[in-house]
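Chains as they are written, first to last, in our numbering: chain G, 2 to 258; chain V, 179 to 520. Ideal Cβ placement from N, Cα and C applies to all residues, glycine included.
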């Protein structure tokens, strides 16, 4: 019991100071918003106008908005490993790990802070999407569900990033590999087009792509208010996140060796 | 000192990377509570690898290590509560203020709110950082960052403080200030200090005991004074006026060397460099002899044995030799860190 309280407290401390860093220098947070905004405003509006992709009853801009929120979380969180590599090279991580703080608290605290960034980014994208014609469902329970998915997704991708950082070690390699994997994750999800529009092999791949469940969850809660898939989306995302937290702890220890 | 408890007890400790690179090779030593112990050796000698095992950051490949009787491998969490650690790199977080860095450490060490406010205030004062506590650390000088880091590691009043190359990259003034603070913590708080360094004068100035480590092995452990006495001789450099009798003069000097118990290091025109046991006492006797032989002295330098001489005798290399490739890496890393801190 004492160690559980200790774990939660220390995780909170790591989270608190990561958030303080964002507040001191929010530049990166805003810069990382530009790309998703362009996807929404330029790509989304264009495809919406010409109705190139069949999205059934939904307008294309309404269809793509949850996908863009998911993309912004993925693209921000997946680079978290860079910060960890930097912390490792500059001794910050060594000092942190020599304090009586469990490795789990360090990984989870940093992962959750990616969730805080994700929530800020999502709010901005939602605000920008409204004048473009997207109608969101703002029922409190839906918003709570969306916030939970954001935090789970950001933690999941941040921990995946820590694993890659520990395997690749050098920043140059890390950047190359991460750029290589983010696009397939993005394109092999239902962010830009419906599942049915994809070839069968990609449809099968989406089942092991955490981003698929994130987008599906967002779309169900924010746009269609259809709860049929929510248990599956949450369940799958939770499993992915737990798996990558454990893998992230392994990665953190490996990084120090 | 009333207690003689071992702060650190290491037996047959080894660290082998990738199954073949022996960074630390079967090292055994102990450090008594309350002293300042220095690990002296070139870059790449195994100093940081030893420290990383002792502060529970990396796994011990072979052997055992105990901190205040706690097994480092079996009870890492308890060990972490007893120690403070300052890594070689400037590791305070530049994106937080000095106060926030201290607050982070205080919270991670589990200090209660009322205690931590007081401790942070005291540490800021002791480390001369009160005025700048609300500035981002990226605006600090290297010496200020180092003092902040030592402060961070001391907030919970650890019984044992590990400092990995505490003054690397600092200017002489910054280095002296850090030394002062290390001494103060040791004397006033009775904190045992384990530091690594490749600076001779740092080891000489600060440490009660020195372990000389080279290529993963400990060569010797002793006090700086005993290490210097081990060398036993000093160096005397005399510039002589041999006038028109260079050749005869040199022949004479060579012939009396045995009689005067000196060992010639260099003998060239007008310069005679030699070692003599207990140089300060015996050099005048040698010079008296020269005077009797009408050899005029132009200049004289008598150097007592230094830790560097001891290091040279023990390891067979100078501290800056054989480590150039590691030095390059260390310098690049330090420069990078300093660049980050502006």
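For this session: Report the neighbours of residue 267 of chain V on chain G: residues whose CB is nearer than 7 Å to its CB, in chain order.
Result: 91, 92
Exercise. So what's residue 501 of chain V in DSSP terms, helix, strand or just coil?
Worked result: Legend: pLDDT at residue 501 of chain V = 45, less than 50; position of this residue unreliable, no value from coordinates given.
Problem set entry | Contacts of residue 311 of chain V in chain G (Cβ-Cβ under 8 Å) | Within chain G, no residue comes near residue 311 of chain V; the closest Cβ sits about 15 Å away, beyond 8 Å.
Exercise. Between the region 74-105 of chain G and chain V, which residues of the former have a C-beta closer than 7 Å to a C-beta of the latter?
Worked result: Those would be 91, 92, 93, 95, 96, 98, 99, 100, 101, 102, in chain order.
Exercise. What's the call for residue 493 of chain V, buried or exposed, on a 16-neighbour Cβ count within 10 Å?
Worked result: Buried: at least 16 other Cβ atoms inside 10 Å.
Exercise. Run through DSSP, which three-state label would residue 91 of chain G get?
Worked result: coil
Exercise. Does any CB atom of chain V fall closer than 8 Å to the CB of residue 12 of chain G?
Worked result: no
Exercise. Which residues does DSSP pair with residue 391 of chain V in a beta bridge?
Worked result: V:396
Problem set entry | C-beta atoms of residue 164 of chain G and residue 252 of chain G nearer than 8 Å | yes
Exercise. So which residues of chain G does residue 314 of chain V contact, with C-beta pairs closer than 8 Å?
Worked result: 25
Problem set entry | Per-residue DSSP class, three states only, for residue 417 of chain V | Annotated three-state conformation of residue 417 of chain V is strand, per DSSP.
Exercise. Any chance the region 232-243 of chain V sits against the region 179-193 of chain V, with 3 or more Cβ pairs inside 8 Å?
Worked result: yes
Problem set entry | At least 3 beta-carbon pairs within less than 8 Å: the region 473-492 of chain V vs the region 416-427 of chain V | Between the region 473-492 of chain V and the region 416-427 of chain V, the count of Cβ pairs shorter than 8 Å is three or higher; the stretches touch.
Exercise. What are the start and end residues of the beta strand (DSSP E) that includes residue 201 of chain V?
Worked result: 199-210
Exercise. Among the residues of its own chain, which have a CB less than 8 Å from the CB of residue 216 of chain G, if the five just before and after it don't count?
Worked result: 67, 68, 71, 190, 191, 192
Problem set entry | residue 26 of chain G - DSSP class collapsed to helix/strand/coil | coil
Exercise. Could you give the residue range of the alpha helix (DSSP H) that holds residue 246 of chain V?
Worked result: Premise fails: residue 246 of chain V is in no alpha helix (DSSP H) and is neither H nor E.
Exercise. Applying a beta-carbon distance threshold of less than 9 Å, which residues of chain V neighbour residue 170 of chain G?
Worked result: Those within 9 Å of residue 170 of chain G in chain V number zero; the least Cβ separation is about 13 Å.
For this session: Taking all protein chains shown into account, decide if residue 501 of chain V is buried (16 or more other Cβ within 10 angstroms of its Cβ) or exposed.
Result: Annotation note: pLDDT 45 at residue 501 of chain V (below 50); position unreliable, coordinate value reported separately. Flag for residue 501 of chain V reads buried.
Exercise. Which same chain residues, not among the five before or five after residue 186 of chain G, have their C-beta less than 7 Å away from its C-beta?
Worked result: 75, 210, 212
For this session: Report the residue from V:450, V:288, V:461, V:344 whose alpha carbon sits nearest the alpha carbon of residue 438 of chain V.
Result: V:461
Exercise. Any idea if residue 147 of chain G is buried or exposed, counting beta-carbon neighbours within 10 angstroms, 16 or more meaning buried?
Worked result: buried
Exercise. Does the distance from the C-beta atom of residue 101 of chain G to that of residue 287 of chain V stay below 8 Å?
Worked result: In contact: residue 101 of chain G and residue 287 of chain V (Cβ atoms closer than 8 Å).
Problem set entry | residue 188 of chain V, DSSP secondary structure in three states | strand
Exercise. Are the region 312-332 of chain V and the region 353-364 of chain V in contact at 8 Å, needing three or more beta carbon pairs?
Worked result: yes
Exercise. When the cut-off is 8 Å and only beta carbons count, does residue 237 of chain V lie next to chain G?
Worked result: yes
For this session: Pull up the distance between the alpha-carbon of residue 182 of chain V and that of residue 206 of chain V, whole angstroms please.
Result: 18 Å
Problem set entry | C-alpha distance - residue 1 of chain G paired with residue 244 of chain G, whole-angstrom precision | The structure shown does not extend to residue 1 of chain G, since chain G is modelled only from 2 through 258, so no value can be given for it.
For this session: Alpha carbon to alpha carbon, how far is residue 446 of chain V from residue 436 of chain V? Give it in angstroms, no decimals.
Result: In a straight line, the C-alpha of residue 436 of chain V is about 18 Å away from that of residue 446 of chain V.
Exercise. Are the region 122-141 of chain G and the region 288-302 of chain V touching by the rule of at least three beta carbon pairs closer than 8 Å?
Worked result: no
For this session: For my contact list, residue 457 of chain V and residue 408 of chain V are in at a C-beta cut-off of 8 Å; report their separation, rounded to the angstrom.
Result: That pair is no contact at about 15 Å.
For this session: Show which residues of chain V have a CB atom less than 7 Å away from the CB atom of residue 111 of chain G.
Result: Those within 7 Å of residue 111 of chain G in chain V number zero; the least Cβ separation is about 13 Å.
Problem set entry | Residues that residue 271 of chain V contacts on chain G, provided the C-beta gap is smaller than 7 Å | 93
Exercise. Among residues of its own chain, excluding the 5 on either side of residue 225 of chain V, which ones have a beta-carbon nearer than 7 Å to its beta-carbon?
Worked result: 217, 219, 374, 391
For this session: Starting from residue 432 of chain V, trace the alpha helix (DSSP H) both ways and give me its first and last residue.
Result: 424-435
Exercise. Closest Cβ-Cβ distance between residue 184 of chain G and chain V: below 8 Å?
Worked result: no
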